[in-house]
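Participant: One structure, pasted below without further comment.
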């Protein structure tokens, strides 16, 4: 069954993530991996929203940032315990997404993109201008480090394990949703809203559900980000980051959760590899993006599947030939 | 004993300046196949849309059993037991055949979202029941064995059957069929006629049928209503309708090729 | 340039020879070579590469060659963190120069404290060096010095009602905070506090509402191209209120962009903008001359004071290594604090355990733009 | 509040608004033939301005010649973009095309950065910098150029789409590409034309704006964002709406900066945009596309 296959994948992914630090020569790679996981959390949410439900959002960087800033403010300025602040941060991002989603999701296509983009821009202006609360454009300094049940995680390896576990939990939730009546309802309203309605799907409610769920994922990523880096600045939560998440999802193949994770990892690691090219990096980055979309229209996951099938067909043929 | 499932009272619909329906009274009886016919542009599909909730009437009232559902949203009508199919196929092309039919169970098998999110035992049990029902519906329409095929890869006739299976999985008490024979050949239409009758007999479903194919309509309907320019011009049994001079005039007077 | 190849070969020999002699001193650098802050990062990167070449050609520091590893953070905080980790954990450098912008410096400062590697930032925010963190230094003049310099000038000219127009990025925010603190404290009246976005292309609306408040002078705080637009808009509106700029525009590029609108603007700047007007007996004169010659000779572009921040950071590091004859991170840190009266391009540095900036407002001169050139007014 | 101040804000808003409107026009043209939002539109504007500066300085030609060359080169770039990146994937879903245009915008920006550096440049004004005063409000001669040329472009496009065969054929492609090809319209050629025209419009915009707004390799991002907002506000697909949307956005920003807060001017403009969008879900001048059930 499809669910079981996805669970096998998740188990394998989890094992690889947990073993990865052993293969890492130093902390730099862990930092890159942590960023990959945080981006992947955002991408998985958007995969449900864009790939499955067919809705678009150019505002998720706003929720990511709002959660980060809320948790930073509560833990640093107010002095609440980190765990509590993180919960409040996740709550703030999620609740705001309800308020944004309610009016926006009545719009369609490009208009929905514009509305969410607008909210994202407004949030990012708030991060920049409410200097007394957010520290303004130069950033929020001195956020306490990540702690779990009052136990502060000081080294990168333990932070990495928490973040990786968080990603796996999010992926698990995403798979659960996709292999349930909710997942089918989302895919249904993607192809035909009226047929979905006729099948008893409350379209407005499910759109809001998936919008809020994806914002919840982004919020979780946001609070982890704030307390991992202990510093946040508005530039990280701008419109370009929202676009970047969408690119990760599309590059991963839109409907595939593993695909969007691969997309997120790919786009996060790529610039690190391209560092050597200095100024040409941006050109290579653009070119790789364009070429990927031209030659892998169904994304990295789709391209992988095709390669896999071709290999399987080839090996089947080979074994057939052997038998003859 | 006759029992009315659905009753429409003085329904009027206007699109801009066009009066699509004018004070239409309509009723469908329990366990009957009730057909709505009429020349092109008579307002048949509009009536079906009003009944299923996709178009709001300007005035009038719709009763489903004892509930007034005039302003009830589409998805709630589904939960009450009313399911429809579409003239231009609206299958979920991004899903497999089985998933399409499983989606049909959405309305009558509700579950709080957190069960699905955490995949609780309750959610797993429900998934099993949904799958059973879906498989049963697929078997009923003769699509067994195509479960994992992507819905968009089916032949046109099979897609029609898939829509029917999806509607059946919803366990409707009232099934609205919008031109189910459109695009089918003669053999397929015959099979469809048999299936519609079989659906009614097996599940005791009431069926409202909008259809152009007169042979199909006359062959299986228990009652027929004729619309012309948004108004009811006749109603009765197939025999009565075939003899009604007004109906003949309406059809002959209009361009009837489609 | 017939000799380039020859020089290259000689240089190659020198380099290989010195590698044979001793292991190189690894110096890391993180600059915003691309992205919105590239106007800072690009000259900074060019400068450290130039200095690496010069120092190695002269036999390195105490016979040890210098190896500079430069990473571009693309003006992005995440990339900056990754670059910092890479320098600390993978490349294991002895000291890091940069980053170019304050936000990124604040973001990575923590890693340097725990790794016990000194960081000499090229960003100016006061938060970087106050309170003093043992491992964090910076080289640019503090915003406070700039503001004091401007307000002294305003006082001398008898202005009392001031308006400020700042850019809404890290640079503008830092300046705005000091301006809003010092203006009332020094007995001026702040009549308007306007802001513009870093990508804005028209500031007439802000200037119009400033005009309505009728100030004696306007202080604009931003980096190119914003202030150039402000200057142009001021002229278009026929506004004659004197306009002060910050040191953020102290490059010839500003005069080029603002054109005739730059005429008569006053700003505090490092001596680098007007090297030829620095008196020959000034302690900075030799440093300035050699930097300008080296830079313009190699890169064929105008010099910028931002590159000077990286120059000073590099030279301070070299000096600290020479002082202690050790390239151990801890020794570099300790010896940095012992440097006194060290002339750089920006000013004359004296680091102490309580002062990790090492400059005062004497690092600035007031300049006026007249006929498309800088002229020193005091 | 005196009249001249208000008038000054309006003049500022109009000038600013034309910038957005011109970018929005480019979006509209490509949207009208392909149904795709071309995120590289801002880059066409950038190319127009930057190439003019480049030709002016490095070839030493006169300003009109430099401008002509820049506009031509940008139009050719538009054609190349279509041929090399859009045509090979024309059967892919719209979101893929949108991502490709994002990639192209990054690519063009990168090439521009390497070719011309990261500096900002100014193009000389067409007719001097001496402002014209009208009821106490200063108006730059260049602003009049911008307004005038924008109007001419708008009129030209309106005429093109509603009165010429080519224009109507383009519109047909967006409504139903298959039907359009059945009646003998070369859909591919139309898409090519639309990229060329919108690159042309973008380049002209970039050229006439450069003397006011200055130009650098990265001006395209912000213009693209605001241009997109403008054409959504006006209603996608309607050139008049796009221009009007741009003007409204510009005036809102200028008034917001003048009367309320310069720090929150963009936020204010977007709040009003969102409110308008919730009241009129398909833009101010957009058609409600009620789909047949």
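Protein chains in written order, with my numbering: chain X, 49 to 372; chain E, 142 to 399; chain G, -4 to 373; chain P, 1493 to 1785. C-beta atoms are modelled at their ideal positions from N, C-alpha and C, and glycine is treated no differently. In this text, all values refer to a predicted model and were calculated from it rather than measured experimentally.
For the beta strand (DSSP E) containing residue 133/G, list its first residue and its last residue.
Facilitator: 131 to 133
Participant: Could you give the DSSP three-state label for residue 148/E: helix, strand or coil?
Facilitator: strand
Participant: Hey, would you say residue 300/X sits closer than 7 Å to residue 348/X, going by beta carbons?
Facilitator: yes
Participant: Would you say the beta carbon of residue 1740/P is closer than 6 Å to some non-hydrogen atom of the ligand MN?
Facilitator: In the structure on display, the ligand MN does not appear, and there are no ligands present to speak of.
Participant: Counting only Cβ pairs nearer than 7 Å, list the residues of chain X close to residue 240/G.
Facilitator: What residue 240/G touches in chain X: nothing, since even the nearest Cβ is about 19 Å away.
Participant: If we ignore side chains and look at the alpha-carbon of each, how far apart do residue 59/G and residue 333/X end up?
Facilitator: Residue 59/G and residue 333/X have their C-alpha atoms some 38 Å from each other.
Participant: Counting pairs of beta carbons, one from the stretch 153 to 163 of chain E and one from the stretch 309 to 321 of chain E, are three or more of them closer than 8 Å?
Facilitator: no
Participant: What does DSSP give as the partner residues of residue 207/E in its beta bridges?
Facilitator: BP columns for residue 207/E are empty, so no partner.
Participant: Closest to residue 112/G by C-alpha separation, out of 367/G, 329/G, 325/G, would be which residue?
Facilitator: 325/G
Participant: Would you tell me roughly how many angstroms separate the C-alpha atoms of residue 1610/P and residue 86/G, rounded to the nearest one?
Facilitator: 29 Å
Participant: Closer than 7 Å, CB to CB, is residue 1542/P near chain G or not?
Facilitator: no
Participant: Can you tell me which of 284/E, 292/E, 349/E, 258/E puts its alpha carbon nearest to the alpha carbon of residue 225/X?
Facilitator: 258/E
Participant: Could you work out which residues of chain X lie near residue 1773/P, taking near to mean beta carbons separated by less than 7 Å?
Facilitator: 154, 155, 159
Participant: Taking only beta carbons into account, state which residues of the stretch 1498 to 1528 of chain P come closer than 9 Å to chain G, listed in chain order.
Facilitator: 1500, 1501, 1503, 1504, 1505, 1507, 1508, 1511
Participant: For the alpha helix (DSSP H) that residue 1762/P lies in, which residues bound it at each end?
Facilitator: It spans 1757 to 1771 - the alpha helix (DSSP H) in which residue 1762/P sits, taken as one unbroken run.
Participant: Just to make sure I have the definition right: I need the residues of chain X whose C-beta is within less than 8 Å of the C-beta of residue 359/E. Which are they?
Facilitator: Within 8 Å Cβ-Cβ: nothing; residue 359/E doesn't reach chain X, min ~27 Å.
Participant: Between which two residues does the alpha helix (DSSP H) harbouring residue 176/E extend?
Facilitator: From DSSP, residue 176/E is part of no alpha helix (DSSP H) but of the beta strand (DSSP E) over 174 to 178.
Participant: Does chain X have any CB closer than 7 Å to the CB of residue 202/E?
Facilitator: no
Participant: Within the 7 Å Cβ cut-off, does residue 190/G reach chain P?
Facilitator: yes
Participant: For residue 151/X and chain P, any beta-carbon pair shorter than 7 Å?
Facilitator: yes
Participant: Does the stretch 1588 to 1608 of chain P come close enough to the stretch 1733 to 1751 of chain P that 3 or more CB-CB pairs lie under 8 Å?
Facilitator: By the Cβ rule, the stretch 1733 to 1751 of chain P does not count as touching the stretch 1588 to 1608 of chain P, because fewer than three pairs are nearer than 8 Å.
Participant: Okay, do the stretch 1630 to 1644 of chain P and the stretch 1613 to 1620 of chain P touch, 3+ Cβ pairs below 8 Å being the bar?
Facilitator: With the cut-off at 8 Å, the stretch 1630 to 1644 of chain P and the stretch 1613 to 1620 of chain P touch.
Participant: Using DSSP bridges, identify the partner residues of residue 350/G.
Facilitator: 347/G
Participant: Since residue 262/G sits in a beta bridge, which residues does DSSP pair it with?
Facilitator: Looking at the DSSP assignment, residue 262/G forms a beta bridge with 362/G.
Participant: Does DSSP put residue 369/E in a helix, a strand or coil?
Facilitator: In the displayed model, residue 369/E falls within a strand according to three-state DSSP.
Participant: Below 9 Å on C-beta distance, what does residue 80/X contact in chain G?
Facilitator: 77, 80, 81
Participant: List, in order along the chain, the chain X residues whose C-beta lies closer than 7 Å to that of residue 245/E?
Facilitator: Those within 7 Å of residue 245/E in chain X are 247.
Participant: Using a Cβ distance threshold of 8 Å, determine whether the stretch 127 to 145 of chain G contacts the stretch 255 to 270 of chain G, with at least three qualifying pairs required.
Facilitator: Three or more Cβ pairs closer than 8 Å define a contact, and the stretch 127 to 145 of chain G meets that threshold against the stretch 255 to 270 of chain G.
Participant: If you measure between the beta carbons of residue 134/G and residue 307/G, is that distance less than 7 Å?
Facilitator: yes
Participant: Is residue 102/X close to chain P? Criterion is C-beta to C-beta, closer than 7 Å.
Facilitator: no
Participant: Taking Cβ to Cβ, would you say residue 116/X is nearer than 7 Å to residue 270/X?
Facilitator: yes
Participant: Once you ignore the five residues that flank residue 317/G on each side, which residues in its own chain have a CB closer than 7 Å to its CB?
Facilitator: 56, 57
Participant: Between the C-alpha atoms of residue 245/E and residue 1729/P, what's the straight-line distance to the nearest angstrom?
Facilitator: 37 Å
Participant: My understanding is that residue 216/G touches residue 171/G, with C-beta atoms under 8 Å, so please give their C-beta distance in whole angstroms.
Facilitator: 6 Å
Participant: So with Cβ pairs under 7 Å, would you call residue 323/E a contact of chain X?
Facilitator: no
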